Amino acid sequence: MQFPVNFGWGAATSAYQIEGAAKEDGRGESVWDTFSHTPGRIRNGDTGDVAADHYHRYAEDLDLMRDLGLRSYRFSISWPRIQPDGTGAANQRGIDFYRRLVDGLHERGISPMATLFHWDLPQTLQDAGGWESRDVAYRFADYAATVFEALGDRVPVWLTINEPKTVVQNGYLFGHHAPGRQDPDAAYLVAHHLQLAHGLAVQALRAEDGAGRIGPAFNLHPCYPADDSPAAAEATRLYDGYENRLYLDSALKGSYPEDVLADLGPTSRMVRGIRDGDLEIISSPVDVLAVQYYTPIYVTANGGTVRRWPTSEASWQQIYPDGMYDILTRVTRDYGPIPLTVTENGLPTPDVLAADGTVEDTGRVTFLRDHLAAAHRAVTDGVPLESFHVWSLLDNFEWAEGYDQRWGLIYIDYPTQRRVLKRSAHWYRQVIADNAV
Numbered sequence: 001m002q003f004p005v006n007f008g009w010g011a012a013t014s015a016y017q018i019e020g021a022a023k024e025d026g027r028g029e030s031v032w033d034t035f036s037h038t039p040g041r042i043r044n045g046d047t048g049d050v051a052a053d054h055y056h057r058y059a060e061d062l063d064l065m066r067d068l069g070l071r072s073y074r075f076s077i078s079w080p081r082i083q084p085d086g087t088g089a090a091n092q093r094g095i096d097f098y099r100r101l102v103d104g105l106h107e108r109g110i111s112p113m114a115t116l117f118h119w120d121l122p123q124t125l126q127d128a129g130g131w132e133s134r135d136v137a138y139r140f141a142d143y144a145a146t147v148f149e150a151l152g153d154r155v156p157v158w159l160t161i162n163e164p165k166t167v168v169q170n171g172y173l174f175g176h177h178a179p180g181r182q183d184p185d186a187a188y189l190v191a192h193h194l195q196l197a198h199g200l201a202v203q204a205l206r207a208e209d210g211a212g213r214i215g216p217a218f219n220l221h222p223c224y225p226a227d228d229s230p231a232a233a234e235a236t237r238l239y240d241g242y243e244n245r246l247y248l249d250s251a252l253k254g255s256y257p258e259d260v261l262a263d264l265g266p267t268s269r270m271v272r273g274i275r276d277g278d279l280e281i282i283s284s285p286v287d288v289l290a291v292q293y294y295t296p297i298y299v300t301a302n303g304g305t306v307r308r309w310p311t312s313e314a315s316w317q318q319i320y321p322d323g324m325y326d327i328l329t330r331v332t333r334d335y336g337p338i339p340l341t342v343t344e345n346g347l348p349t350p351d352v353l354a355a356d357g358t359v360e361d362t363g364r365v366t367f368l369r370d371h372l373a374a375a376h377r378a379v380t381d382g383v384p385l386e387s388f389h390v391w392s393l394l395d396n397f398e399w400a401e402g403y404d405q406r407w408g409l410i411y412i413d414y415p416t417q418r419r420v421l422k423r424s425a426h427w428y429r430q431v432i433a434d435n436a437v
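First residue of the sequence shown: 1, per the UniProt record's numbering; consecutive thereafter.
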């Protein structure tokens, strides 16, 4: 299965999950520092204080990317490393780190794709209300402008907010992620402010007159009825509204789904929080849409969910490669021919470093091959997919799961920080060399 010429084969990471150096070079505290240091929040009491020590080992990691043949690297910039308190002048040492990283990518022939926000909100802004505060969306725009001014000429693709839905659901509905709230009314006000922050960041890049392209990064879950009943179909439609259309429609069509707004009700904080002109900001024209696909959802007649497929070590992840095809073709069908990039796709496997220095993650190879085959089928059927990024380049701090789950192409032996290419990394290197699966 041959991919288009110049297809952007890549891998992805995020700052808090790999960088470490939590208190170095002027970095401020983030909500994830606070959350991970709160007893009982993270498995085994793990934190991102050291993680994969990428802050100190980035040159070695860049060499590994080059050796894999990566053409694109999707990473995130730590807001508290740039603005320790979330506002004001840039921390030059933070800027310098990302400048070294971006320059190192260019030196190795790898195209940088930078995410502005991958969940590490400065704690000072959380103390001032966090994403429940409309003002934080404007502070994000200021931060984005600072980063664009410093790095804009060196980064060809910018992503604004990573997975706003996960912040909403895990951070404010279920409480599994920072800031650890369980407040549905707050959750969807947060959703609106995250979308507003996205639009303001797009406008900030346009104001800089930068040549870079920009767009959001949404984790999209195809939703299917669990049975053939009309009730299941109706419930699935609303579920899809909360999972997908809430974010896609507002960013790409300039409107929130009417069924979701009706379900929330006119007295909800989100509905009351939408001001005149907000949706025009949110739907500021973008150049690319980043799609992250991990799992399908099967919805019952009463609005619950059931499992239909085997799961990975992550109990929430059903392994269903056809969902990749379905979500990519659905986006193109419903929202037009906007250029797409897959910025996350992967799974955790029970990886063990053998005595001979190898890691046999054959399950990851099978998973990626099957999902790439589905992506190829979507391209063949007209989807304008430009690139594909495996989650993740490195084993890392997997949020509430700490270091129990390994998602990387590259094994990290945490006591020594030794890097070891897994079988999947060697396989992926060949895929890139062949431009084919």
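Note that CB positions come from ideal geometry on N, CA and C, so glycine has one too. Since we're looking at a predicted model, the values are computed, not measured.
{"query": "Mind pulling the beta strand (DSSP E) runs of 3 or more residues that sit fully within the region 168-240?", "result": "213-219 and 223-225"}
{"query": "Take residue 20 as the anchor and find which of 58, 9 and 41 has the nearest alpha-carbon.", "result": "58"}
{"query": "I think residue 213 touches residue 288, with their Cβ atoms under 8 angstroms apart; what is that distance to the nearest whole Å?", "result": "5 angstroms"}
{"query": "In three-state DSSP terms, what is residue 6?", "result": "coil"}
{"query": "Is the separation between the beta-carbon of residue 438 and that of residue 26 shorter than 7 angstroms?", "result": "No information on residue 438 is available, as it lies outside the stretch 1 to 437 that the chain covers here."}
{"query": "Mind listing, in chain order, the continuous alpha helix (DSSP H) runs of no fewer than 4 residues lying wholly within the region 117-167?", "result": "123-127 and 134-151"}
{"query": "Does DSSP put residue 113 in a helix, in a strand, or in coil?", "result": "strand"}
{"query": "Assign residue 31 to buried or exposed, taking buried as 16 or more other Cβ atoms, counted over all protein chains shown, within 10 Å of its Cβ.", "result": "buried"}
{"query": "List in chain order: all unbroken alpha helix (DSSP H) runs of 4+ residues lying wholly within the region 309-380.", "result": "322-335 and 362-380"}
{"query": "Determine which residues share a DSSP beta bridge with residue 73 and list them.", "result": "11 and 112"}
{"query": "Would a C-beta distance cut-off of 7 angstroms place residue 197 and residue 140 closer than the cut-off?", "result": "yes"}
{"query": "Can you round the beta-carbon distance between residue 150 and residue 95 to whole angstroms, since I take them to be within the 8 angstroms contact cut?", "result": "5 angstroms"}
{"query": "At which residues does the alpha helix (DSSP H) containing residue 35 begin and terminate?", "result": "31-36"}
{"query": "Return the chain-ordered list of same chain residues with a C-beta closer than 7 angstroms to the C-beta of residue 184, the five sequence neighbours on each side being excluded.", "result": "173"}
{"query": "Please classify residue 146: is it buried, with 16 or more other beta-carbons within 10 angstroms of its beta-carbon, or exposed?", "result": "buried"}
{"query": "Taking the alpha carbon of residue 53 as the reference point, which residue from 435, 422 and 413 has its own alpha carbon closest?", "result": "413"}
{"query": "At which residues does the beta strand (DSSP E) containing residue 427 begin and terminate?", "result": "Not the beta strand (DSSP E): residue 427 falls in the alpha helix (DSSP H), residues 423-434."}
{"query": "So is residue 177 buried or exposed if we call it buried at 16+ other beta carbons inside 10 Å?", "result": "buried"}
{"query": "Roughly how many angstroms separate the alpha carbons of residue 179 and residue 328, rounded to a whole number?", "result": "31 angstroms"}
{"query": "Short check: CB of residue 263 to CB of residue 255, under 7 angstroms?", "result": "no"}
{"query": "Check whether the region 258-276 and the region 326-346 are in contact - that is, three or more C-beta pairs closer than 8 angstroms.", "result": "no"}
{"query": "On the premise that residue 359 lies in contact with residue 455, defined as a C-beta separation below 8 angstroms, what is that separation, rounded to the nearest angstrom?", "result": "The chain is shown from 1 up to 437; residue 455 falls before or after that span and cannot be answered."}
{"query": "Return the chain-ordered list of same chain residues with a C-beta closer than 8 angstroms to the C-beta of residue 60, the five sequence neighbours on each side being excluded.", "result": "419"}
{"query": "With a Cβ-Cβ cutoff of 7 angstroms, do residue 216 and residue 160 count as a contact?", "result": "yes"}
{"query": "Which value, in whole angstroms, describes the spacing of the CA atoms of residue 104 and residue 268?", "result": "47 angstroms"}
{"query": "By the DSSP assignment, the beta strand (DSSP E) with residue 388 in it spans what residues?", "result": "385-391"}
{"query": "Helix or strand or just coil, what does DSSP make of residue 409?", "result": "coil"}
{"query": "Would residue 282 and residue 195 be called neighbours here (beta carbons separated by less than 7 angstroms)?", "result": "yes"}
{"query": "Should the region 67-84 be regarded as contacting the region 11-18, the criterion being three or more beta carbon pairs within less than 8 angstroms?", "result": "yes"}
{"query": "Are the beta-carbon atoms belonging to residue 397 and residue 10 less than 7 angstroms from one another?", "result": "no"}
{"query": "In or out: residue 5 buried (at least 16 other Cβ within 10 Å) or exposed?", "result": "exposed"}
{"query": "Assign residue 262 to one of three DSSP states: helix, strand, or coil.", "result": "helix"}
{"query": "Taking buried to mean at least 16 other C-beta atoms within 10 Å of its own C-beta, is residue 44 buried or exposed?", "result": "exposed"}
{"query": "Got a sec? Which residues, its chain only, sit under 6 angstroms from residue 136 by beta carbon, not counting five neighbours each side?", "result": "125"}
{"query": "Between 75, 395, 323 and 315, which has its C-alpha nearest residue 115's C-alpha?", "result": "75"}
{"query": "Quick check on residue 291: does DSSP put it in helix, strand or coil?", "result": "strand"}
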